[in-house]
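*Asks:*
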Amino acid sequence: MTIAIGRSQPVERGWFDVLDDWLKRDRFVFVGWSGLLLFPTAFLALGGWFTGITFVSSWYTHGLASSFLEGANFLTAAVSTPALSMGHSLLLLWGPEAQG
1 MTIAIGRSQP VERGWFDVLD DWLKRDRFVF VGWSGLLLFP TAFLALGGWF TGITFVSSWY
61 THGLASSFLE GANFLTAAVS TPALSMGHSL LLLWGPEAQG
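Residue numbers for the sequence shown follow our numbering, so the first one is 1 and each next one is one higher.
Written out as structure tokens, the structure reads:
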């Protein structure tokens with residue numbers, strides 16, 4: 001057993017310790033180390049979803065630049081745009097309707 005007499009020396013905290021404490025702090029939305037990867041991934045996935053419902057699906061099915069020109073909003077475009085139904089999108093891309 002060791003007995004230390006006197007004051008303890010303050011421990012030098014580096015930038016990694018400060019970052020670790022900040023990431024693991026108790027808050028409503030817990031960040032953690034995984035959040036460094038998951039938050040940007042979720043952000044990019046959301047952007048891809050908005051791009052898909054805005055341009056890709058309506059361009060292939062109707063030749064329009066945006067599903068929103070048909071009166072769809074970001075909620076209804078995801079479920080009502082025909083390209084999100086695989087059979088309908090294939091029909092319009094390669095079927096007789098695609099010939100104009």
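C-beta: ideal position from N, C-alpha, C; glycine also.
Which stretch, first to last residue, makes up the alpha helix (DSSP H) that contains residue 16?
*Replies:* Counted from its first residue, the sequence shown places residue 16 at position 16. Here the alpha helix (DSSP H) through residue 16 covers 15–23.
*Asks:* Mark residue 18 as exposed unless 16 or more other C-beta atoms lie within 10 angstroms of its C-beta, in which case mark it buried.
*Replies:* To locate residue 18, count along the sequence shown from 1; it is residue 18. Exposed: under 16 other Cβ atoms inside 10 Å.
*Asks:* Do residue 33 and residue 23 have their C-beta atoms within less than 8 Å of each other?
*Replies:* Within the sequence shown, residue 33 is the residue found at index 33, counting from 1. Within the sequence shown, residue 23 is the residue found at index 23, counting from 1. Cβ atoms of residue 33 and residue 23: closer than 8 Å.
*Asks:* Alpha carbon to alpha carbon, how far is residue 41 from residue 12?
*Replies:* Residue numbering aside, residue 41 sits at position 41 when the sequence shown is read from its first letter. Residue numbering aside, residue 12 sits at position 12 when the sequence shown is read from its first letter. Cα to Cα, residue 41 sits roughly 34 Å from residue 12.
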